[in-house]
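Q:
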Amino acid sequence: MHQPSDAQHFDAAFISVNRLRNRKAPFKAGDWVMDSGAFTEVSMHGGYRTPVESYAAEIRRWSRNGNLLAAVAQDYMCEPFIVHKTGLSVAEHQRLTIERYDALARCDVGGVYVMPVLQGYDPEDYAACLRAYGDRLAPGMWVGVGSVCKRNGNKNAIWAVLSTIHDERPDLRLHGFGLKVTSLSSPIIRSLLWSADSMAWCFAAWKANRNPNDWREGAAWSARIITEPKQGLLC
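In numbering that gives the first Met the number 0, the protein residues as written are 0 to 234.
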């Protein structure tokens, strides 16, 4: 959601910490997930400008606002243009992602679940990332799958990533970041996901010359997706 206050109109919402840092007043919400704002930080600045403790403080501050289901760990995406931006390798991005997760897991986050993120670009990268996490990923954990949102036009590429992860760890509950209708309309992809977030409704409204900030656009888009068989899709 663009505006945290719009979360009240949905059963579940995904809200970036970037929309919360300067906010003073609480907002009405049911179930929601806090995003770390990783894409903005890494794509614009090549890394995180503040220590992980600052993010932990925000999670703690909002931990009793609505039903905060999880806070996404601060990952390093692995799309080629991001790797070029940082000048590091995919393996180094994976290492930094896990280090950032470990640091956040050691912080006081008010009892909120910290969602680890699997990173990579090719399917085998994600398998390697799973192995690098090791026993940090307990059976049945809710885990994010990063660096897939820019590949929404290629369902086969997203399926290859998700199926590789599933083959390695079928017990994990996978969350897809930033998925669009092309992916979410695929029964095979949906069968591999536990949850997903999307701002495709915003782009669709803008493309149709409607208001991309109107929560009703999100509600209509969500209804279109939710009427199909699902596994816990988030707005």
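For each residue, glycine too, the CB sits at the ideal point set by N, CA and C.
Sorted by chain position, which residues of the same chain lie with C-beta nearer than 6 Å to D5's C-beta, five sequence neighbours on each side aside?
A: Counting from one through the sequence shown, the residue named residue 5 turns up at place 6. W214, listed in sequence order.
Q: Would you give the residue range spanned by the beta strand (DSSP E) that Y112 belongs to?
A: As a position in the sequence shown, residue 112 is number 113, starting the count at 1. First-last of the beta strand (DSSP E) with Y112: 112–114.
Q: State the beta-bridge partners of H174 as determined by DSSP.
A: Numbered from its first residue, the sequence shown carries residue 174 at position 175. G143, S194.
Q: According to DSSP, is F13 part of a helix, a strand, or is it coil?
A: As a first step, residue 13 must be located in the sequence shown, where it is residue number 14. The answer is strand: DSSP assigns F13 an E or B state.
Q: Tell me the residue span of the beta strand (DSSP E) that contains L67.
A: By one-based count along the sequence shown, residue 67 stands at place 68. Counting along the chain, the beta strand (DSSP E) containing L67 begins and ends at 66–71.
Q: Would the segment 108–117 and the segment 149–156 be scored as touching if the rule is three or more Cβ pairs under 8 Å?
A: Not touching, per the Cβ criterion.
Q: Please list the terminal residues of the continuous alpha helix (DSSP H) segment that includes M43.
A: Counted from its first residue, the sequence shown places residue 43 at position 44. 37–44 is the span of the alpha helix (DSSP H), which, as asked, contains M43.
Q: Given a threshold of 16 other Cβ atoms within 10 Å of its Cβ, counted over all protein chains shown, does S197 qualify as buried or as exposed?
A: Position 198 of the sequence shown holds residue 197. Buried is the call here.
Q: Go through its chain and collect everything with a Cβ distance to L67's Cβ below 7 Å, but skip five positions before and after it.
A: On the sequence shown, residue 67 is found 68 positions in, with the first residue counted as 1. Excluding positions up to five away in sequence, the list reads W31, M33, W61, V111.
Q: Do the segment 87–102 and the segment 124–138 meet, that is, are 3 or more Cβ pairs less than 8 Å apart?
A: Judged by Cβ distances under 8 Å, the segment 87–102 makes contact with the segment 124–138, as three or more pairs qualify.
Q: Does the segment 204–212 come into contact with the segment 159–179, if we say contact requires no fewer than three beta-carbon pairs (one atom in each stretch) closer than 8 Å?
A: Short answer: they don't touch.
Q: If we ignore side chains and look at the alpha-carbon of each, how far apart do A222 and D10 end up?
A: Indexing the sequence shown from 1 puts residue 222 at position 223. Indexing the sequence shown from 1 puts residue 10 at position 11. One C-alpha to the other measures close to 12 Å.
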